[in-house]
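Residue numbers (the working numbering), protein chains in the order written: chain A, 29 to 394; chain B, 414 to 722. No residue lacks a Cβ here, since even glycine has one placed at the ideal position from N, Cα and C. Worksheet for the structure shown next.
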Amino acid sequence: MRAFGAVFISYYRQFVRDRGALFFTFIFPIMFILLFGWAFRNEGVQRFDIGLVDQGSPQSTTIITFTLDNVTLDSGDKLFRLESGPFDDMMRLLEDGSLDAIIVIPASMDNSLAQEQPTAIQIYYDPTRISNQQILVPILNQVVNGLNQYLQGTTPLITLDEETVQSRELRYIDYLVPGVLGMSLMFSGIYGGLPIIQQRQAHIIKRLGATPLRRSMLIFGDLAFRMILVLLTAALIILVGSLVFDVQMVGSWLGLCGMVILGSLVFTSLGYLLAAFVKTEEAAIPIINVVTMPMMFLSGTFFEITSMPSFIEPVIKILPLTYLNDALRQIMVDGTPVHSMTTDVAVLAAWAVVCLGITIRFFRWD
Amino acid sequence: MSVSSGKVIKVSNLVKSYGSIKAVDQISFEVAQGEVFGMLGPNGAGKTTTVEIVEGLRTADSGSATVLGIDVAKDTRAVKERIGIQPQSPALFPSLTVRETVRFFRSLYRKSLPTSRIVELASLEASRDVLFKNLSGGQQQRLSVALAFVNDPEIIFLDEPTTGLDPQARRAMWDVIETFRRAGKTVVLTTHYMEEAQRLCDRIAIMDYGKIIALDSPQRLIEFNIKESAIQFKMKDYPGDQVLAGLPDVSKVVREEDDIIVYTNNIPSAISGLLGMASQRSTDLSELSVRQATLEDVFLKLTGKRIRD
Chain A
29 MRAFGAVFIS
39 YYRQFVRDRG
49 ALFFTFIFPI
59 MFILLFGWAF
69 RNEGVQRFDI
79 GLVDQGSPQS
89 TTIITFTLDN
99 VTLDSGDKLF
109 RLESGPFDDM
119 MRLLEDGSLD
129 AIIVIPASMD
139 NSLAQEQPTA
149 IQIYYDPTRI
159 SNQQILVPIL
169 NQVVNGLNQY
179 LQGTTPLITL
189 DEETVQSREL
199 RYIDYLVPGV
209 LGMSLMFSGI
219 YGGLPIIQQR
229 QAHIIKRLGA
239 TPLRRSMLIF
249 GDLAFRMILV
259 LLTAALIILV
269 GSLVFDVQMV
279 GSWLGLCGMV
289 ILGSLVFTSL
299 GYLLAAFVKT
309 EEAAIPIINV
319 VTMPMMFLSG
329 TFFEITSMPS
339 FIEPVIKILP
349 LTYLNDALRQ
359 IMVDGTPVHS
369 MTTDVAVLAA
379 WAVVCLGITI
389 RFFRWD
Chain B
414 MSVSSGKVIK
424 VSNLVKSYGS
434 IKAVDQISFE
444 VAQGEVFGML
454 GPNGAGKTTT
464 VEIVEGLRTA
474 DSGSATVLGI
484 DVAKDTRAVK
494 ERIGIQPQSP
504 ALFPSLTVRE
514 TVRFFRSLYR
524 KSLPTSRIVE
534 LASLEASRDV
544 LFKNLSGGQQ
554 QRLSVALAFV
564 NDPEIIFLDE
574 PTTGLDPQAR
584 RAMWDVIETF
594 RRAGKTVVLT
604 THYMEEAQRL
614 CDRIAIMDYG
624 KIIALDSPQR
634 LIEFNIKESA
644 IQFKMKDYPG
654 DQVLAGLPDV
664 SKVVREEDDI
674 IVYTNNIPSA
684 ISGLLGMASQ
694 RSTDLSELSV
704 RQATLEDVFL
714 KLTGKRIRD
């Protein structure tokens with residue numbers, strides 16, 4: 029126990045004296061949150077995702093689609109991104125925040141228009157989103173007015189019925205913060221293999237082998253220190269997200285801690301796996317870069333990966349960070365309990381088990 | 414855990430191979446309590462491998478090593494608790510200070526000397542709060558050696574303890590080793606410095622190609638192997654060993670790069686023969702010196718190599 033304490037404290041001292049490690053552990057993720065958070069703070073006002081539900085009036089739908097599709101911003105970009113489908117599907121997308129509003133075109137509308145009778149189209153949106161109330165609804169009203177005038181006559185044939193749906197407010201920053209947390213767990217875990225490589229390369233491990241210290245203590249001490257470190261990192265990231273951008277952590281704190289530790293274990297075992305096969309620091313660093321950089325982007329740390337060439341998709345589906353990011357987002361944004369994220373937990377656990385298994389088979393202390 | 418007949422280290426028929434190379438080939442020796450036991454040999458002779466097996470850092474393919482009555486292969490940790498080891502290169506955590514490093518090592522043992530005592534042994538009182546990586550090479554080396562004493566060991570293994578030290582620090586290190594020996598403790602020392610071996614060691618094992626080729630006190634090694642004196646010189650247009658060996662009273666000729674060493678029991682006769690041969694060939698003998706044979710000569714004679722990095 030004394031030896032464990034000594035190993036732990038020596039790792040702690042070396043960490044706090046290593047400016048590079050301090051920077052990458054604490055400053056780097058915060059930098060990402062601040063930079064991306066500010067750069068994209070207005071994201072969402074620029075464009076609206078609209079779901080169109082045609083209940084049986086193809087003509088009217090065509091007219092409305094055409095009209096909405098031609099509303100542009102000063103920049104020339106389209107204001108609306110349109111998607112159409114059955115009401116239930118659209119409603120689900122609205123509820124999970126993928127759509128900003130749904131417009132429902134009733135089955136009777138074609139007839140009503142033909143007979144110049146007033147018809148109401150319905151719009152569903154989330155009123156708690158300020159941009160919806162202040163921007164989307166007025167714009168849609170204008171669009172409807174324009175349409176009415178176009179359809180001649182002063183009596184408005186189309187009116188807008190507002191229906192509100194409570195959906196969670198998913199801003200970009202809400203998406204970003206769990207992603208940055210996942211990313212920093214990945215970096216600190218994989219880079220965690222480096223001290224072992226350095227100490228082995230510098231014969232420090234051999235020197236310690238001359239003492240009664242059990243080598244497993246080096247691993248336990250390292251793991252214990254790393255777990256405390258990642259929990260601190262997570263706390264810092266969540267604190268900054270909350271103070272600066274008012275990011276809410278919706279789910280269970282215990283579940284989040286568990287997921288942070290599981291994620292850190294996965295990437296730490298990847299770091300150990302690296303140490304089992306790579307003998308020198310000089311060889312390890314490029315390998316770390318080749319592994320971490322693409323994984324950071326492909327796993328949807330900063331942006332949702334929606335349209336990737338099909339050959340990349342299996343890669344994305346196998347990367348552990350994809351599942352860690354997803355799990356962290358589900359906990360922080362949706363408040364999903366950990367026990368219902370079976371796939372994420374299973375894939376992450378599988379990664380940890382496989383990496384540790386191979387490491388135990390091939391790792392050499394000298 | 415009785416130590417029979419005062420032998421604290423017993424090694425018998427040790428074998429260790431790396432692929433087809435026999436690094437250690439059927440080695441046996443014993444070290445008595447209170448002895449300073451030296452191991453000499455060219456690089457790759459198997460000294461370090463042998464010592465590391467005895468320390469429990471490596472396992473032998475066959476044979477056995479007993480330290481303080483404990484079979485090293487069976488209870489390595491019990492052995493490590495009671496011995497001190499200084500490996501060849503000073504490898505310690507770069508970002509810990511001298512005192513932190515000493516405290517770290519102290520906490521790895523059941524019993525230990527006070528931190529200040531180890532810092533003093535390393536003569537690093539003034540640098541005790543300096544990070545290891547900011548110490549000079551000599552300071553790092555001194556700390557590394559001093560750490561071998563941290564658990565107040567009964568046997569200490571020093572691998573090249575004075576390499577990289579200036580003459581003054583080297584002498585201070587010798588004092589430390591001699592004090593340790595006077596306390597009735599045992600030292601196993603590998604070194605490249607003949608002067609160091611000759612001065613410190615009670616007995617020396619000379620190793621080459623994984624075998625011990627000679628084992629005795631330094632004085633007897635010299636007396637048994639080389640009864641002659643040595644005449645050393647340089648010569649242009651070297652005529653070959655056979656010409657020199659044919660001169661009167663020359664018993665052996667050894668060459669080491671530019672240096673020619675001739676061994677003889679009759680110095681005047683051998684020198685006049687050499688000078689005559691030189692003038693006959695219109696060449697000069699330069700840097701000529703006559704001296705008593707040393708351990709270095711023994712080493713050269715037995716291994717055909719000069720000890721050097």
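Starting from B:E670, trace the alpha helix (DSSP H) in both directions and tell me its first and last residue.
On the second sequence, residue 670 of chain B is found 257 positions in, with the first residue counted as 1. From DSSP, B:E670 is part of no alpha helix (DSSP H); its letter is neither H nor E.
Report the option in B:K640, B:I498 and B:I673 whose CA atom is closest to the CA atom of B:Q655.
Here residue 655 of chain B corresponds to residue number 242 of the second sequence, with the count starting at 1. Of the candidates B:K640, B:I498 and B:I673, the one whose C-alpha sits nearest the C-alpha of B:Q655 is B:I673.
Can the beta-carbon of A:I88 be found less than 8 Å from the beta-carbon of A:I58?
Position 60 of the first sequence holds residue 88 of chain A. Position 30 of the first sequence holds residue 58 of chain A. In the sequence on display, residue 88 of chain A carries Ser and not Ile. No, the Cβ-Cβ distance between A:S88 and A:I58 is not below 8 Å.
Exposed unless 16 or more other CB atoms sit within 10 angstroms - verdict on B:G482:
Residue mapping note: residue 482 of chain B aligns to position 69 of the second sequence, counting from 1. With fewer than 16 Cβ atoms within 10 Å of its Cβ, B:G482 is classed as exposed.
Counting contacts by CB-CB distance shorter than 8 Å, is B:P500 in contact with chain A?
The residue labelled residue 500 of chain B in the question sits at position 87 within the second sequence. True, the Cβ-Cβ gap to chain A drops below 8 Å.
The segment 219-240 of chain A: positions lying closer than 7 Å to chain B by Cβ
A230, H231, I232, K234, R235, G237, A238, T239 and P240
If we cut at 8 Å on Cβ distances, does A:R41 have a partner in chain B?
In the first sequence, residue 41 of chain A corresponds to position 13, counting from 1. With 8 Å as the cut-off, A:R41 counts as an interface residue toward chain B.
Suppose you measure from the CA of A:L290 to the CA of A:A377; what does that come to, to the nearest Å?
Locating residue 290 of chain A in the first sequence gives position 262, counting from the first residue. Locating residue 377 of chain A in the first sequence gives position 349, counting from the first residue. Between A:L290 and A:A377, the C-alpha separation is close to 8 Å.
Count the other CB atoms, across all protein chains shown, that sit within 10 Å of the CB of A:F76; report buried if there are 16 or more and exposed otherwise.
Translated into the one-based positions of the first sequence, residue 76 of chain A becomes position 48. So A:F76 counts as buried.
From what residue to what residue does the beta strand (DSSP E) around A:L236 run?
Indexing the first sequence from 1 puts residue 236 of chain A at position 208. Careful: A:L236 lies outside any beta strand (DSSP E), inside the alpha helix (DSSP H) at I232 to G237.
Residue of B:S549, B:V532 and B:N547 minimising C-alpha distance to B:R541
Residue numbering aside, residue 541 of chain B sits at position 128 when the second sequence is read from its first letter. Out of B:S549, B:V532 and B:N547, B:V532 has the C-alpha closest to the C-alpha of B:R541.
Whole-angstrom Cβ separation of B:L628 and B:L613, contact assumed at under 8 Å?
Here residue 628 of chain B refers to the residue found at position 215 of the second sequence. Here residue 613 of chain B refers to the residue found at position 200 of the second sequence. In fact, because the Cβ distance is near 16 Å, the residues do not count as touching under 8 Å.
Taking DSSP as the reference, what is the three-state secondary structure of A:F391?
Residue 391 of chain A sits at position 363 when you count from the first residue of the first sequence. It is coil, neither helix nor strand.
To test your reading of the DSSP string, which unbroken beta strand (DSSP E) runs of 3 or more residues are found completely within the segment 544-598 of chain B?
568-572
Return the Cβ separation of B:I498 and A:A238 in integer angstroms, given the expectation that the two are a contact with Cβ distance under 8 Å.
For the purposes of this step, residue 498 of chain B is identified with residue 85 of the second sequence, where counting begins at 1. For the purposes of this step, residue 238 of chain A is identified with residue 210 of the first sequence, where counting begins at 1. Their Cβ separation, rounded to whole angstroms, is 4 Å, which keeps B:I498 and A:A238 in contact under 8 Å.
By the three-class DSSP mapping on this structure, what secondary structure does B:F518 have?
For the purposes of this step, residue 518 of chain B is identified with residue 105 of the second sequence, where counting begins at 1. Helix, per DSSP.
Within 9 Å of chain A by C-beta, residues of the segment 502-531 of chain B in sequence order:
S502, P503, A504, L505, F506, P507, S508, L509, T510, E513, T514, R516, F517, F518, R519, S520, L521, Y522 and R523
Among the residues of its own chain, which have a CB less than 7 Å from the CB of B:A643, if the five just before and after it don't count?
The residue you call residue 643 of chain B lines up with position 230 of the second sequence. Result list for B:A643: I674, Y676, R704, A706 and D710, in chain order.
For A:M336 and A:M323, I'd like the C-alpha separation in whole angstroms.
Walking along the first sequence from the start, residue 336 of chain A turns up at place 308. Walking along the first sequence from the start, residue 323 of chain A turns up at place 295. Each residue's Cα considered, the two are about 14 Å apart.
Go ahead and label A:Y178 buried or exposed: buried means 16 or more other beta carbons lie within 10 angstroms of its beta carbon, across all protein chains shown.
The sequence position of residue 178 of chain A within the first sequence is 150, counting from 1. Burial call: exposed.
Sub-8 Å separation of B:S569 and B:A582 beta-carbons:
Counting from 1 along the second sequence, the entry for residue 569 of chain B is found at position 156. Counting from 1 along the second sequence, the entry for residue 582 of chain B is found at position 169. Before going on, a small fix: residue 569 of chain B reads as Ile here, not Ser. Not a contact, by the Cβ cut-off of 8 Å.
What residues of chain A sit near B:E494, judged by a beta carbon separation below 8 Å?
Along the second sequence, one-based indexing puts residue 494 of chain B at 81. Neighbours of B:E494 on chain A, chain order: P240.
Let me confirm a value: A:E144 is counted as buried when at least 16 other C-beta atoms fall within 10 Å, else exposed. Which label applies?
Start at 1 with the first residue of the first sequence, and residue 144 of chain A comes out as number 116. A:E144 comes out exposed.
Just verifying my parser: in three-state terms, what is the DSSP assignment at A:R94?
Working through the first sequence from its first residue, we reach residue 94 of chain A at position 66. The sequence given here places Phe at residue 94 of chain A; Arg does not occur at that position. In the structure shown, A:F94 sits in a helix (DSSP, three-state: H, G or I).
Counting contacts by CB-CB distance shorter than 8 Å, is B:M414 in contact with chain A?
Within the second sequence, numbered from 1, the residue matching residue 414 of chain B stands at position 1. Per-residue confidence for B:M414 stands at a pLDDT of 44, beneath the threshold of 50, marking its modelled position as unreliable; the derived number appears in the next sentence. No, its Cβ sits nowhere closer than 8 Å to a Cβ of chain A.
Between the alpha carbons of A:I232 and A:R243, how many angstroms are there, rounded?
Position 204 of the first sequence, counted from the first residue, corresponds to residue 232 of chain A. Position 215 of the first sequence, counted from the first residue, corresponds to residue 243 of chain A. Roughly 12 Å separates the two Cα atoms.
Within 8 Å (strictly less), CB to CB, does A:D250 reach chain B?
One-based indexing of the first sequence puts residue 250 of chain A at position 222. Closer than 8 Å: no.
Buried or exposed: which applies to B:P661, given that a residue is buried once 16 or more other Cβ atoms fall within 10 Å of its Cβ?
For the purposes of this step, residue 661 of chain B is identified with residue 248 of the second sequence, where counting begins at 1. So B:P661 counts as exposed.
Would you check if the distance between the CB atom of A:Y200 and the CB atom of A:F68 is smaller than 8 Å?
If you number the first sequence from 1, residue 200 of chain A lands on position 172. If you number the first sequence from 1, residue 68 of chain A lands on position 40. It is a contact, given that the beta carbons lie within the stated cut-off.
Return the residues of the segment 445-474 of chain B that lie within a Cβ-Cβ distance of less than 7 Å from chain A, sorted by chain order.
E468 and L470
A:T147 - containing beta strand (DSSP E), residue span:
As a working note, residue 147 of chain A is residue 119 in the first sequence. Note, A:T147: beta strand (DSSP E), T147 to Y153.
Are the Cβ atoms of A:V294 and A:G220 separated by less than 8 Å?
Reading the first sequence from its first residue, position 266 is the one you call residue 294 of chain A. Reading the first sequence from its first residue, position 192 is the one you call residue 220 of chain A. No, the pair does not count as a contact, with Cβ atoms beyond the cut-off.
With respect to the beta strand (DSSP E) encompassing B:G717, which residues constitute its N-terminal and C-terminal limits?
In the second sequence, the residue the question calls residue 717 of chain B occupies position 304. Looking at the DSSP string, B:G717 is not in any beta strand (DSSP E), and its letter there is neither H nor E.
Nearest CA to the CA of B:G476: which residue from B:R594, B:L427 and B:T576?
Stepping through the second sequence from its first residue, residue 476 of chain B is reached at position 63. Out of B:R594, B:L427 and B:T576, B:L427 has the C-alpha closest to the C-alpha of B:G476.
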